[in-house]
Amino acid sequence: MRVAIIGYSQTKFEYDVEMTREEMVFKTAKDAIESAGLTREDIGTVISASTDFLDGRTISNCMLIGATGAYLKDETKAEEDGMYAVLYACQRILAGIHDVALVVAHTHSWIFNPHQVSVYMLDPLFDRQNDLLNDITLAALQAKAYMKRSNATEDDLALVSVKNLKNASNNPYALRKMPDATIEDVLNSKIYADPIRELMVAPPCDGAAAVVVASEDFAKKYCENPVWIEGIGNSCDAYLRDRDLSRLVSLEIASRKAYDMAGISDPYREIDVFEVTERFSHQELMIHEGLGICGDGRGANFIRMGITEFYGDCPVNPSGGALSGDAICATGLVRLIEVAKQIVGEAENQIDGVQRGLAHAQWGLCAQKNLVFILGGDYEA
Amino acid sequence: MRRNVAIIGCGQSKHGRRTDVSQCEMVAEAVWAAIEDAEISPEDIDAFAVGNMQGFGGIAQPDLVFTDFIAATGKPVQRVATGGTVGGSVAHLGYYEVASGMYDIVLAVSWEKHSDSAEPGATTGLLHVAFANLSYMMKMGMDMRSFAIMGLAGAAAGVSAYQAAQYMARSGCKIEHYDMVAAKARRNAAKNKYAHLKWPGCTADDIAKTEMIIWPMRFGHVCPASDGASCVIYASEEAVKRLKVERPVAWVKGLAAYADEEADQGESYQGTGVVDYSDQIGCIISAMKAYERAGIKDPRKEIDMAEIYAPFPHQELMFSERLGFFEDGKAWIAVEEGVTEIDGDFPICPSGGVNATNAIGSSAMQRVVECALQIMGKAEEHQVPKDVRNAVAHGWGGQLQFNTVMVLGDSPKRK
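So the protein sequences, as listed, match chains E and F. Heads up: the first sequence at position 25 corresponds to 83 in the working numbering, and the numbers run straight through without jumps. Heads up: the second sequence at position 319 corresponds to 1110 in the working numbering, and the numbers run straight through without jumps.
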């Protein structure tokens, strides 16, 4: 049995949004259900995604039961990226207990600065006490380690930002858009922690996204244009000091599992579009390697040669990626939505003839956890 | 197609004030106990389900810090968190991971370490639940009336006191019945080596002598803030055969977690807040659906015992009615008759329950563990003397609104 995505929606990513969390979640959930052509009564189970620290309150889902439409429904909350909630929704459907699931992911970054939250993700006994580490300084360490191992330079890191911020200029939902960005603009932006500059950091913002997923029988009966989930791979790496920061080993494991499930042997040729969660620009290059679409240490060649531009051979983040706006828990889910849009032909930077796409979400410091989804159109039927 | 799933091993850490271990070590204690109990090696585990209330122990996403401690490095890990129900939600997640056919053997662990936060228990207050909404009020100019309502609600004990009073009004029971339930919890806990508050031979009179904190709740009625971790290992029917498990295992027969509207605040800015906190429609529907999925028609007859999530004694009475074991408002009569004692006709919380041990994240998972132990016949001193063929593990949380129900049995058969 397969699971299909039959509806989706997202809000515009903004900072300091003039909307309560409840309003934003209600609007997104309602839009997603409507885009699937369903009503609340059709939904069997609701899974939200948010975290207590980012939301600045305990039991972050408890006041959203009305807003997500989960009232008197089988409900739960994944406390990580929304794509993990989609994974759980798939499991609930594959277990044969539910037919249709609504997934809603949301973060209002203005409530509690996510960079501050990253400090609370550190081991409290040593790493937190030394007062040197947070997600940005750790990203700087990771970028240095990666640059040392590979041939990537600061210019390559800047080029990733240039590409994504240009792509974002066509995306109506994006927060940071720079159609005329240059490498100099990025390198001259404020330095956070060498080599990480302001424009190399995904800007935390406020936003929500939702998808409706359904069982194969239901999707075939009620949906004209389902997007099928063909492969899923999930893996968690060790904590910071127990792993090689210059590699995304858990992404290697996760992507191979997803390729196996989808029957893919050559991801570079068989996948038409990639939407990945790069919280920092160097991570996009590391993700190329983790996904196995380029050789070890050669991530930078891809960006230099324009292969990952939306008109290139292997488009990565035609939507602008996380660098164009990062509503933490919604960011991965938006990647999934963007791939689904490419497959049904509704994307802003639409790529011709997309049959298969890959969506990636990460979680934890220095991308400790990685989740990969392979989506496909209805070409088999 | 829904696969049959069994619990093949359980583990608990010792619960109480655990300043002797770190959060990582405490969770590892339960995880390795479960791995040993299941007689498997860590390499056999395909995936993990984890969860706790991250604010209470002061680490955001603590499982990411200790993947090595629980043998999860390189494996799929999924995390859920839903308040008091989190243990139940993690148990459900682990079940679904196996039932979906995605993984064969899954380890589910949940925990809490209250003593790590600067003011143990303070974070469990409703003010922390409401904090972000206060920020919205300040930003967007919402009315101060909502603020006042939140302030009046008090912490978990405060809001439960309203519920206790509402339950008394609807059932006609007296505070003395609450004393009896609390005394039973302390007495049973004395037989459970993992429990926190133990009081061998505690009587209702002993509890009645404790101070009245907020009517109708006495000090002796209130649960402790414990540290602890609980863990179960699930295996698919094929994996049970492949591992050649000969000893009794506990099969998951049905489960559900239907959410209700939050108990307060709804009135002022969300529309439909629950007025009578002792209604618990979410629990009634969760039980109905779980029984339907388990093929159980008459819960009182077909189920042999239950572990109910009751931090406060009125909740044991109330939820035992909502779960269909007694008629609405009649559970206190069963307590008077001794039906719910360990050696009674329908034992409830023979482990001492949440009233004696409450490490939030661990609590609802511990209900699942205790039911599994009773079915496997491994509950040692607090093993109920009757045959346990079906048992119900219940979890409760949110703002009086979340319920998790899991029906466990000694055979995979569903009618």
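Backbone N, C-alpha and C fix where the C-beta goes; we use that ideal spot for every residue, glycine too. All of these numbers come straight from a predicted model, not from anything done at the bench.
- Using a 10 angstroms sphere on the CB of F:Thr810, the tally of other CB atoms stays under 16, which defines it as exposed.
- Each residue's CA atom was taken as its position, placing E:Gly422 and E:Met179 some 8 Å apart.
- Below 8 Å, too few C-beta pairs join the stretch 814-821 of chain F and the stretch 867-881 of chain F to call them touching: fewer than three.
- CA-CA distance, E:Asp132 to E:Ile345, rounds to 35 Å.
- Judged by beta-carbon spacing, E:Ser108 lies within the 8 Å limit of E:Cys387, meaning their Cβ atoms are closer than that value.
- The DSSP assignment places complete alpha helix (DSSP H) segments of no fewer than 4 residues inside the stretch 269-315 of chain E at 274-280, in order along the chain.
- Bounds of any beta strand (DSSP E) do not take in E:Thr389; it lies within the alpha helix (DSSP H) bounded by 386-402.
- Boundaries of the beta strand (DSSP E) harbouring E:Thr134: 132-136, taken from the DSSP string.
- Rounded to whole angstroms, the Cβ separation of F:Tyr1068 and F:Ala899 is 30 Å, and the two are not in contact under 8 Å.
- Put simply, the stretch 963-983 of chain F touches the stretch 994-1013 of chain F. At least three CB pairs are less than 8 Å apart.
- Fewer than three Cβ pairs drawn from the stretch 245-258 of chain E and the stretch 59-77 of chain E lie within less than 8 Å of each other, which leaves the two stretches out of contact.
- For the stretch 161-178 of chain E, the residues whose beta carbon sits under 7 Å from a beta carbon of chain F are, in order, Ile169, Val175, Tyr178.
- With fewer than 16 other beta carbons inside 10 angstroms of its own, F:Lys1092 counts as exposed.
- Assignment of F:Thr1131 by DSSP, reduced to helix, strand and coil, places it in the coil class.
- Bounds of the alpha helix (DSSP H) holding E:Thr86 are 79-93.
- Under the three-state reduction of DSSP, F:Leu1114 is assigned to coil, being neither helix nor strand.
- Proximity of F:Val868 to chain E, defined by a Cβ-Cβ separation below 8 Å, is satisfied.
- Going by beta carbons, F:Val1198 and F:Gly992 fall outside the 8 Å limit.
- Annotation: F:Gln852 is outside any alpha helix (DSSP H) and is labelled neither H nor E by DSSP.
- The Cβ atoms of E:Ala87 and E:Tyr66 do not sit closer than 8 Å to each other.
- Look at E:Gln68 here: in three-state DSSP terms it is strand.
- Look at F:Ala863 here: in three-state DSSP terms it is coil, with no helix or strand label.
- Per DSSP, reduced to three states, the secondary structure at F:Pro1090 is helical.
- Excluding sequence positions up to five before and after E:Ser247, its CB lies within less than 6 Å of the CB of Arg255, Glu256, Leu257, all in the same chain and listed in chain order.
- The closest CA to that of E:Arg314, considering only E:Arg299, E:His418, E:Asn407, E:Asn229, is found on E:His418.
- By the criterion of at least three beta-carbon pairs nearer than 8 Å, the stretch 1164-1172 of chain F is not in contact with the stretch 1121-1129 of chain F.
- For chain E, the residues of the stretch 890-909 of chain F that bring a beta carbon within less than 7 Å of one of its beta carbons are Ala890, Ser891, Gly892, Met893, in chain order.
- Under the DSSP assignment, E:Trp421 falls in the beta strand (DSSP E) whose first and last residues are 414-421.
- Listed along the chain, the chain F residues whose CB falls inside 8 Å of the CB of E:Glu137 are Gly842, Gln845, Gln852, Arg870, Val871, Ala872.
- Ala1047, Ala1048, Tyr1049, Ala1050, Asp1051, Glu1052: these are the residues of the stretch 1031-1052 of chain F whose beta carbon lies less than 8 Å from some beta carbon of chain E, given in chain order.
- With fewer than 16 other beta carbons inside 10 angstroms of its own, E:Thr240 counts as exposed.
- Burial of E:Thr103 is indicated by the presence of at least 16 other C-beta atoms within 10 angstroms of its C-beta.
- Counted as a single uninterrupted DSSP element, the stretch harbouring E:Phe338 is not any beta strand (DSSP E), since DSSP gives it neither H nor E.
- Going by C-alpha positions, F:Ala999 is about 6 Å away from F:Asp970.
- Of the candidates E:Leu303, E:Trp286, E:Ala267, E:Thr134, E:Leu303 places its Cα closest to the Cα of E:Asp193.
- Of all C-beta pairs linking the stretch 426-437 of chain E to the stretch 282-300 of chain E, three or more are shorter than 8 Å, placing the two stretches in contact.
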